[in-house]
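In the working numbering, the protein residues as written are 992 to 1278.
Beta carbons are placed, not taken as given, at the ideal position from N, Cα and C, and that holds for glycine.
Have a look at the structure below, then the notes.
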(Lines of atoms letter the chains of each structure in order from A and count residues from 1; the text may use other names and numbers.)
(Lines give C-alpha, C1' and ligand atoms only; values in the text may rest on other atoms or scores of the structure.)
Protein backbone atom coordinates (compact mmCIF):
# COMPACT_ATOMS: atom_id res chain seq x y z
CA UNK A 1 0.00 0.00 0.00
CA UNK A 2 2.83 2.38 0.86
CA UNK A 3 4.43 1.77 -2.53
CA UNK A 4 1.13 2.57 -4.24
CA UNK A 5 0.86 5.83 -2.31
CA UNK A 6 4.43 6.77 -3.22
CA UNK A 7 3.70 6.10 -6.86
CA UNK A 8 0.58 8.25 -6.68
CA UNK A 9 2.54 11.12 -5.17
CA UNK A 10 5.18 10.89 -7.88
CA UNK A 11 2.56 10.74 -10.61
CA UNK A 12 1.00 13.91 -9.19
CA UNK A 13 4.44 15.49 -9.21
CA UNK A 14 4.81 14.49 -12.84
CA UNK A 15 1.43 15.94 -13.78
CA UNK A 16 1.75 19.16 -11.84
CA UNK A 17 5.54 19.28 -12.33
CA UNK A 18 7.38 20.73 -9.38
CA UNK A 19 8.79 23.62 -11.35
CA UNK A 20 9.82 26.82 -9.64
CA UNK A 21 11.07 28.75 -12.65
CA UNK A 22 14.13 30.89 -12.09
CA UNK A 23 12.62 34.07 -13.42
CA UNK A 24 15.39 35.91 -15.21
CA UNK A 25 14.89 39.62 -15.68
CA UNK A 26 15.83 41.17 -19.02
CA UNK A 27 18.58 43.24 -17.40
CA UNK A 28 20.39 40.27 -15.84
CA UNK A 29 23.81 39.33 -17.19
CA UNK A 30 23.85 35.58 -17.80
CA UNK A 31 26.84 33.63 -19.09
CA UNK A 32 26.24 30.25 -20.70
CA UNK A 33 29.04 27.70 -20.39
CA UNK A 34 29.33 24.21 -21.78
CA UNK A 35 27.90 22.75 -18.57
CA UNK A 36 25.54 25.34 -17.08
CA UNK A 37 24.85 29.03 -16.58
CA UNK A 38 26.38 31.80 -14.48
CA UNK A 39 24.04 34.63 -13.51
CA UNK A 40 26.39 37.51 -12.72
CA UNK A 41 23.54 39.76 -11.58
CA UNK A 42 22.07 37.37 -9.03
CA UNK A 43 25.45 35.73 -8.38
CA UNK A 44 24.24 32.17 -8.84
CA UNK A 45 25.41 29.18 -10.86
CA UNK A 46 22.99 26.59 -12.22
CA UNK A 47 23.35 23.26 -14.01
CA UNK A 48 20.90 20.68 -15.28
CA UNK A 49 21.01 16.95 -14.73
CA UNK A 50 19.06 13.99 -16.09
CA UNK A 51 18.52 10.45 -14.88
CA UNK A 52 17.46 7.65 -17.19
CA UNK A 53 14.64 5.21 -16.63
CA UNK A 54 15.33 2.09 -14.56
CA UNK A 55 13.30 -0.73 -16.14
CA UNK A 56 14.64 -3.19 -13.57
CA UNK A 57 12.88 -1.28 -10.76
CA UNK A 58 10.11 -3.31 -9.14
CA UNK A 59 7.66 -0.38 -9.15
CA UNK A 60 7.18 3.14 -10.49
CA UNK A 61 8.17 4.83 -7.24
CA UNK A 62 11.42 2.90 -7.06
CA UNK A 63 12.24 3.66 -10.67
CA UNK A 64 11.71 7.39 -10.27
CA UNK A 65 13.68 7.43 -7.02
CA UNK A 66 16.64 5.79 -8.75
CA UNK A 67 16.34 8.14 -11.73
CA UNK A 68 16.21 11.12 -9.37
CA UNK A 69 19.43 10.05 -7.64
CA UNK A 70 21.08 9.67 -11.02
CA UNK A 71 19.86 13.12 -12.11
CA UNK A 72 21.23 14.70 -8.93
CA UNK A 73 24.66 13.15 -9.56
CA UNK A 74 24.57 14.33 -13.16
CA UNK A 75 23.61 17.87 -12.16
CA UNK A 76 26.30 17.88 -9.46
CA UNK A 77 28.95 17.00 -12.04
CA UNK A 78 27.76 19.74 -14.37
CA UNK A 79 27.55 22.27 -11.52
CA UNK A 80 31.15 21.57 -10.52
CA UNK A 81 32.30 22.18 -14.09
CA UNK A 82 30.28 25.42 -14.19
CA UNK A 83 31.85 26.61 -10.94
CA UNK A 84 35.28 25.85 -12.37
CA UNK A 85 34.36 28.11 -15.30
CA UNK A 86 33.68 31.04 -12.96
CA UNK A 87 36.04 33.84 -13.88
CA UNK A 88 37.86 34.74 -10.67
CA UNK A 89 40.03 37.60 -11.94
CA UNK A 90 42.31 38.62 -14.78
CA UNK A 91 44.59 35.80 -13.68
CA UNK A 92 42.16 32.99 -14.42
CA UNK A 93 39.10 31.01 -13.46
CA UNK A 94 38.24 29.02 -10.37
CA UNK A 95 39.34 25.88 -12.22
CA UNK A 96 42.82 27.36 -12.57
CA UNK A 97 42.95 28.00 -8.83
CA UNK A 98 41.99 24.47 -7.81
CA UNK A 99 43.97 22.64 -10.49
CA UNK A 100 46.88 22.08 -8.10
CA UNK A 101 45.02 22.50 -4.81
CA UNK A 102 43.20 19.33 -3.81
CA UNK A 103 42.21 20.76 -0.42
CA UNK A 104 40.50 23.76 -2.00
CA UNK A 105 38.74 21.51 -4.51
CA UNK A 106 37.49 19.27 -1.70
CA UNK A 107 36.05 22.28 0.13
CA UNK A 108 34.27 23.45 -3.02
CA UNK A 109 32.87 19.97 -3.59
CA UNK A 110 31.56 19.96 -0.02
CA UNK A 111 29.74 23.25 -0.63
CA UNK A 112 28.24 21.90 -3.84
CA UNK A 113 26.74 18.95 -1.99
CA UNK A 114 24.42 21.39 -0.21
CA UNK A 115 23.39 23.12 -3.45
CA UNK A 116 19.68 23.65 -3.94
CA UNK A 117 17.79 21.12 -6.06
CA UNK A 118 14.94 22.73 -7.97
CA UNK A 119 12.78 22.43 -11.08
CA UNK A 120 12.42 18.66 -10.75
CA UNK A 121 10.46 17.11 -13.61
CA UNK A 122 9.25 13.50 -13.56
CA UNK A 123 8.65 12.22 -17.08
CA UNK A 124 6.11 9.57 -18.01
CA UNK A 125 8.90 7.43 -19.49
CA UNK A 126 10.52 7.12 -16.06
CA UNK A 127 13.26 9.71 -16.57
CA UNK A 128 13.88 12.63 -14.23
CA UNK A 129 15.31 16.07 -15.00
CA UNK A 130 16.30 18.68 -12.45
CA UNK A 131 18.44 21.75 -11.81
CA UNK A 132 21.04 22.32 -9.11
CA UNK A 133 21.74 25.88 -8.03
CA UNK A 134 24.33 27.51 -5.80
CA UNK A 135 25.00 31.11 -4.85
CA UNK A 136 28.59 32.24 -5.18
CA UNK A 137 28.03 34.89 -2.53
CA UNK A 138 28.57 34.02 1.12
CA UNK A 139 30.46 30.84 1.98
CA UNK A 140 31.77 30.22 -1.53
CA UNK A 141 33.17 33.75 -1.88
CA UNK A 142 34.67 33.60 1.60
CA UNK A 143 36.49 30.44 0.55
CA UNK A 144 37.61 31.46 -2.92
CA UNK A 145 38.43 35.18 -2.66
CA UNK A 146 42.13 36.02 -2.31
CA UNK A 147 43.44 36.80 1.16
CA UNK A 148 44.56 40.21 -0.11
CA UNK A 149 40.93 41.35 0.15
CA UNK A 150 40.66 42.25 3.82
CA UNK A 151 38.20 44.01 6.09
CA UNK A 152 38.76 47.76 5.93
CA UNK A 153 38.27 50.04 8.90
CA UNK A 154 37.61 53.66 7.93
CA UNK A 155 36.83 55.19 11.31
CA UNK A 156 39.76 57.58 11.07
CA UNK A 157 38.67 58.96 7.72
CA UNK A 158 36.51 62.02 8.15
CA UNK A 159 33.84 62.83 5.62
CA UNK A 160 34.03 66.02 3.60
CA UNK A 161 31.96 68.91 4.91
CA UNK A 162 28.62 69.08 3.14
CA UNK A 163 28.54 71.46 0.20
CA UNK A 164 24.99 72.81 -0.33
CA UNK A 165 25.69 73.08 -4.06
CA UNK A 166 26.92 69.50 -4.44
CA UNK A 167 25.28 66.32 -3.25
CA UNK A 168 27.82 63.60 -2.42
CA UNK A 169 27.88 60.64 -4.76
CA UNK A 170 26.26 57.50 -3.39
CA UNK A 171 27.77 54.96 -5.76
CA UNK A 172 29.42 54.37 -9.12
CA UNK A 173 27.89 53.28 -12.43
CA UNK A 174 30.28 52.25 -15.21
CA UNK A 175 28.72 52.25 -18.67
CA UNK A 176 30.72 49.55 -20.46
CA UNK A 177 28.25 48.90 -23.28
CA UNK A 178 30.17 48.26 -26.47
CA UNK A 179 33.26 47.23 -24.51
CA UNK A 180 34.05 43.51 -24.42
CA UNK A 181 34.80 43.40 -20.71
CA UNK A 182 34.39 39.96 -19.17
CA UNK A 183 32.59 39.66 -15.81
CA UNK A 184 34.71 38.42 -12.91
CA UNK A 185 34.52 38.02 -9.15
CA UNK A 186 37.55 40.31 -8.77
CA UNK A 187 38.36 43.15 -11.13
CA UNK A 188 39.82 46.64 -11.25
CA UNK A 189 39.02 50.03 -12.74
CA UNK A 190 42.02 52.03 -13.94
CA UNK A 191 42.69 55.40 -15.53
CA UNK A 192 44.33 55.91 -18.92
CA UNK A 193 47.78 55.53 -17.37
CA UNK A 194 46.84 52.20 -15.80
CA UNK A 195 46.60 53.62 -12.27
CA UNK A 196 43.97 51.84 -10.21
CA UNK A 197 40.96 53.81 -8.98
CA UNK A 198 38.94 50.79 -7.83
CA UNK A 199 40.00 47.27 -7.01
CA UNK A 200 40.64 44.79 -4.23
CA UNK A 201 42.54 47.37 -2.16
CA UNK A 202 39.49 49.66 -2.06
CA UNK A 203 36.87 47.18 -0.84
CA UNK A 204 36.13 45.61 2.52
CA UNK A 205 35.96 41.85 2.52
CA UNK A 206 32.56 41.48 4.20
CA UNK A 207 30.87 43.48 1.43
CA UNK A 208 32.64 41.59 -1.35
CA UNK A 209 31.69 38.26 0.20
CA UNK A 210 28.00 39.14 0.40
CA UNK A 211 27.50 41.36 -2.65
CA UNK A 212 30.49 41.00 -4.96
CA UNK A 213 32.77 43.81 -6.10
CA UNK A 214 30.06 45.07 -8.45
CA UNK A 215 26.65 44.28 -9.84
CA UNK A 216 26.65 43.41 -13.53
CA UNK A 217 23.56 44.33 -15.57
CA UNK A 218 22.74 44.77 -19.26
CA UNK A 219 20.25 47.66 -19.11
CA UNK A 220 21.17 51.08 -17.74
CA UNK A 221 17.52 51.86 -17.03
CA UNK A 222 17.55 49.11 -14.39
CA UNK A 223 20.10 50.91 -12.19
CA UNK A 224 17.42 52.41 -9.94
CA UNK A 225 15.63 49.07 -9.76
CA UNK A 226 18.75 47.35 -8.47
CA UNK A 227 19.15 49.92 -5.70
CA UNK A 228 22.83 49.15 -5.21
CA UNK A 229 24.28 52.59 -5.92
CA UNK A 230 21.87 54.90 -4.13
CA UNK A 231 20.05 57.92 -5.51
CA UNK A 232 23.00 59.96 -6.74
CA UNK A 233 25.60 57.71 -8.36
CA UNK A 234 28.57 58.97 -10.33
CA UNK A 235 28.26 57.67 -13.89
CA UNK A 236 31.39 57.16 -15.99
CA UNK A 237 32.03 55.72 -19.42
CA UNK A 238 34.39 52.79 -20.03
CA UNK A 239 36.97 53.51 -22.72
CA UNK A 240 37.94 49.86 -23.02
CA UNK A 241 39.62 47.14 -21.03
CA UNK A 242 42.98 47.68 -19.41
CA UNK A 243 46.15 46.41 -21.05
CA UNK A 244 46.45 42.60 -21.03
CA UNK A 245 43.16 42.14 -19.17
CA UNK A 246 39.68 41.11 -20.28
CA UNK A 247 38.16 41.85 -16.88
CA UNK A 248 39.61 45.22 -15.84
CA UNK A 249 38.03 48.45 -17.07
CA UNK A 250 39.75 51.64 -18.21
CA UNK A 251 38.05 55.02 -17.74
CA UNK A 252 39.17 58.51 -18.70
CA UNK A 253 41.57 60.50 -16.56
CA UNK A 254 38.83 63.10 -16.09
CA UNK A 255 36.40 60.54 -14.68
CA UNK A 256 39.16 59.03 -12.57
CA UNK A 257 39.86 62.47 -11.08
CA UNK A 258 36.19 62.87 -10.21
CA UNK A 259 36.27 59.53 -8.44
CA UNK A 260 39.42 60.50 -6.53
CA UNK A 261 38.18 64.03 -5.78
CA UNK A 262 36.83 63.42 -2.28
CA UNK A 263 37.35 60.97 0.55
CA UNK A 264 33.58 60.46 0.64
CA UNK A 265 33.85 58.32 -2.47
CA UNK A 266 36.05 55.85 -0.60
CA UNK A 267 33.11 54.99 1.63
CA UNK A 268 30.83 53.79 -1.16
CA UNK A 269 33.74 52.03 -2.89
CA UNK A 270 34.52 50.20 0.34
CA UNK A 271 30.93 48.91 0.36
CA UNK A 272 31.12 47.83 -3.32
CA UNK A 273 28.36 50.24 -4.36
CA UNK A 274 29.34 49.77 -7.99
CA UNK A 275 27.35 48.69 -11.05
CA UNK A 276 28.83 47.75 -14.43
CA UNK A 277 26.49 47.93 -17.43
CA UNK A 278 27.56 45.87 -20.42
CA UNK A 279 25.97 44.22 -23.44
CA UNK A 280 24.51 40.72 -23.03
CA UNK A 281 27.05 37.93 -23.32
CA UNK A 282 27.04 35.74 -26.40
CA UNK A 283 26.24 32.09 -25.82
CA UNK A 284 29.74 30.73 -26.04
CA UNK A 285 31.00 27.76 -24.01
CA UNK A 286 34.21 29.64 -23.21
CA UNK A 287 33.18 33.28 -22.87
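Just curious, the alpha helix (DSSP H) that residue i is in, first and last residue?
i, result
"residue 1214", "1214–1217"
"residue 1088", "1085–1089"
"residue 1095", "1093–1104"
"residue 991", "A query on residue 991 cannot be resolved here, the shown segment of the chain reaching from 992 to 1278 and no further."
Just to confirm my understanding: we take residue i, look at its own chain, exclude 5 residues before and 5 after, and list those with CB closer than 8 Å. What are they?
i, result
"residue 987", "What is shown of the chain runs 992 to 1278, which leaves residue 987 out entirely."
"residue 1171", "1232, 1237"
"residue 1102", "1125, 1130, 1131, 1134"
"residue 1084", "1075, 1076, 1077, 1078"
Please identify the residue among the options whose C-alpha is closest to the C-alpha of residue i.
i, options, result
"residue 1071", "1175, 1097, 1260, 1269", "1097"
"residue 1117", "1247, 1057, 1080", "1057"
"residue 1219", "1245, 1232, 1261, 1252", "1261"
"residue 1022", "1207, 1059, 1106", "1207"
"residue 1034", "1229, 1226, 1245, 1199", "1199"
"residue 1137", "1110, 1054, 1197", "1197"
"residue 1069", "1175, 1174, 1201, 1039", "1039"
"residue 1142", "1111, 1193, 1168, 1120", "1193"
"residue 1189", "1020, 1242, 1121", "1242"
"residue 1115", "1055, 1123, 1169", "1055"
Enumerate in chain order the residues of its own chain whose CB-to-CB distance from residue i is below 6 Å, with the five nearest sequence positions on each side excluded.
i, result
"residue 1187", "1179, 1181"
"residue 1258", "none"
"residue 1221", "1161, 1162"
Once the 5 residues before and after residue i are set aside, which same chain residues still bring their CB inside 7 Å of it?
i, result
"residue 1234", "1185"
If we count the other Cβ atoms within 10 Å of its Cβ and call it buried at 16 or more, is residue i buried or exposed?
i, result
"residue 1090", "exposed"
"residue 1082", "exposed"
"residue 1100", "exposed"
"residue 1239", "buried"
"residue 1271", "exposed"
"residue 1246", "buried"
"residue 1106", "buried"
"residue 1024", "buried"
"residue 1078", "buried"
"residue 1094", "exposed"
For residue i and residue j, what's the separation of their Cα atoms in angstroms?
i, j, result
"residue 1066", "residue 1158", "49 Å"
"residue 1075", "residue 1255", "37 Å"
"residue 1191", "residue 1086", "21 Å"
"residue 1063", "residue 1108", "8 Å"
"residue 1017", "residue 1177", "24 Å"
"residue 1037", "residue 1029", "7 Å"
"residue 1144", "residue 1203", "18 Å"
"residue 1088", "residue 1230", "30 Å"
"residue 1269", "residue 1027", "21 Å"
"residue 1080", "residue 1273", "20 Å"
"residue 1140", "residue 1053", "49 Å"
"residue 1059", "residue 1127", "25 Å"
"residue 1250", "residue 1195", "18 Å"
"residue 1175", "residue 1032", "11 Å"
Tell me where the beta strand (DSSP E) around residue i begins and ends.
i, result
"residue 1111", "1107–1113"
"residue 1126", "1119–1126"
"residue 1030", "1028–1030"
"residue 1237", "No beta strand (DSSP E) holds residue 1237; DSSP gives it neither H nor E."
"residue 1079", "1078–1080"
Is any heavy atom in the ligand MN found nearer than 7 Å to the beta carbon of residue i?
i, result
"residue 1143", "With respect to the ligand MN, the structure shown offers nothing to examine, as it has no ligands at all."
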